[in-house]
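In my numbering, the protein residues as written are 1080 to 1419. Glycine included, each C-beta is placed from N, C-alpha and C at the ideal position. Predicted model only: the values in this text are computed from it and were never measured. This report concerns only the one structure given below.
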Ligand code: NAD
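And the structure:
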């Protein structure tokens, strides 16, 4: 029997990469999203366009006992979307509704293995005030004090998945992703994250010019290349470990250092113009001790190696005048039928 997987959020950045890896693993894959992937054709065998906030749609697409379900769909974006406060109600309502619906439909279909992508944004702000020494070990999550409503929703949903595990025997696995980046991620439009935004700004700047940076640039982060994120995700779902566990890189850099690294890759001299803007916490870094202990695995690629591939892809998008690299012509069968 061919193993089957469902990827919720398969039209998004991480979801579309995940589909490619699941196909390489030999699984039959159904993707679900509000939209098809923007930059390349989906490799999913079947792709349902629809809204996971709609309970009956959820029940329709979860029409069989999938061997693996990956729930990545969420209303999300970078600092310009999450930290301004303007999108809080939508972020909380939309993402929580998706999680409630997907989990309940999986329970009714007797799906066993389900992965949920939480975020490092659920860690308490009070442990991330020192840019040189942030604390993000898994047990430091409580007393809870995320610095955004996005983080609070993630915390609620983590607990929801683990409650279904306790009460309904679902094998839920929860990861806390730390800043995932790579080609085919959002790079413009307001929902992009720091690496993509900085690659775009540097690709558009001439050598010697300045780019705008939100804050003083001394805030620290770590960034994980998407292929490693997807590898950790599949390993976690196929393990006996529930989590929550960090999936992130331990190579922490300041935003200023990130700018210098990208500028070096681009072969440009770039000045920094620090302006006011949403920044999130002062420092954040993944702590990989638990994932190493439980899975015998942790990411190993360097930030620079991932940035080289990402910059090359974003520079190509910029040169193409903000148009998607490929006008998607979808090979997957559109969503049809499916009795509940
Ligand atoms: P993304 O925005 O590219 O993908 C999310 C997808 O969910 C989008 O394609 C979107 O259309 C889809 N979606 C949203 N609402 C939907 C709905 N109502 N019905 C169906 N589909 C819907 O984001 P991503 O970067 O690929 O992130 C995937 C997951 O990982 C998200 O849950 C996110 O919160 C989490 N995460 C990502 C990062 C990161 O750095 N990218 C960090 C921490 C956590």
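Is any heavy atom of ligand 1 found at a distance shorter than 7 angstroms from the C-beta of residue 1265?
For the purposes of this step, residue 1265 is taken as residue 186 along the chain shown, with counting starting at 1. The closest heavy atom of ligand 1 lies less than 7 angstroms from the beta carbon of residue 1265.
Could you check if residue 1162 belongs to the surroundings of ligand 1, using beta carbon to heavy atom distance under 7 angstroms?
Numbered from its first residue, the chain shown carries residue 1162 at position 83. No, Cβ of residue 1162 sits at least 7 angstroms from all heavy atoms of ligand 1.
Measuring straight from C-alpha to C-alpha, what distance separates residue 1080 and residue 1294?
Position 1 of the chain shown, counted from the start, is the residue given in the question as residue 1080. Position 215 of the chain shown, counted from the start, is the residue given in the question as residue 1294. Their backbone Cα atoms lie some 54 angstroms apart in a straight line.
State the start and end residues of the unbroken alpha helix (DSSP H) segment that holds residue 1341.
Position 262 of the chain shown, counting from 1, holds the residue named residue 1341. For residue 1341, the enclosing alpha helix (DSSP H) has its first and last residue at 1334-1345.
Residue burial classification, residue 1208 (beta-carbon count within 10 angstroms, cutoff 16)
In the chain shown, residue 1208 corresponds to position 129, counting from 1. Around the beta-carbon of residue 1208, fewer than 16 other beta-carbon atoms lie within 10 Å, marking it exposed.
Can you list the beta strand (DSSP E) stretches of 3 or more residues lying completely in the region 1118-1165, in chain order?
The qualifying runs are 1125-1128, 1147-1150.
In this structure, does DSSP put residue 1348 in helix, strand or coil?
The count along the chain shown starts at 1 and reaches residue 1348 at position 269. Here DSSP, grouped into helix, strand and coil, assigns residue 1348 to coil.
Cutting at 7 angstroms between CB atoms, please list the residues of its own chain near residue 1184, excluding the five before and the five after it.
To locate residue 1184, count along the chain shown from 1; it is residue 105. 1137, 1138, 1141, listed in sequence order.
With a threshold of 7 angstroms, establish whether the CB of residue 1155 neighbours any heavy atom of ligand 1.
Locating residue 1155 in the chain shown gives position 76, where the first residue counts as 1. With a threshold of 7 angstroms, the Cβ atom of residue 1155 counts as near ligand 1, since some heavy atom of the ligand is closer than that.
Helix, strand or coil for residue 1111 per DSSP?
As a first step, residue 1111 is located in the chain shown; it is residue number 32 there, counting from the start. Correct three-state label for residue 1111: strand.
Tell me whether the beta-carbon of residue 1039 lies closer than 8 angstroms to the beta-carbon of residue 1175.
There is simply no residue 1039 to check, as the chain begins at 1080 and stops at 1419 in what is shown.
Which runs of the beta strand (DSSP E), 3 residues or longer, sit entirely within the region 1160-1234?
For the region 1160-1234, whole beta strand (DSSP E) runs of length 3 or above, ordered along the chain, are 1192-1198.
Let me know the secondary structure DSSP gives residue 1288 once reduced to three states.
The residue given as residue 1288 occupies position 209 in the chain shown. The three-state reading of DSSP puts residue 1288 in coil, since its state is none of H, G, I, E or B.
Is it the case that the Cβ atoms of residue 1425 and residue 1331 are separated by a distance below 8 angstroms?
A question about residue 1425 goes unanswered here, because the residues of the chain that appear run from 1080 up to 1419.
Name, in chain order, the residues that DSSP records as bridge partners for residue 1362.
Here the question's residue 1362 lines up with position 283 in the chain shown. Answer by DSSP bridge pairing, in chain order: 1299.
Beta carbon of residue 1234, beta carbon of residue 1149: below 8 angstroms?
Position 155 of the chain shown, counting from 1, holds the residue named residue 1234. Position 70 of the chain shown, counting from 1, holds the residue named residue 1149. In this structure, residue 1234 keeps its C-beta atom at 8 angstroms or more from the C-beta atom of residue 1149.
Out of 1130, 1165, 1386, which one is the CA nearest neighbour of residue 1113?
Taking the chain shown and counting its residues from 1, the one referred to as residue 1113 is at position 34. Relative to the Cα of residue 1113, the nearest Cα in the group 1130, 1165, 1386 belongs to 1130.
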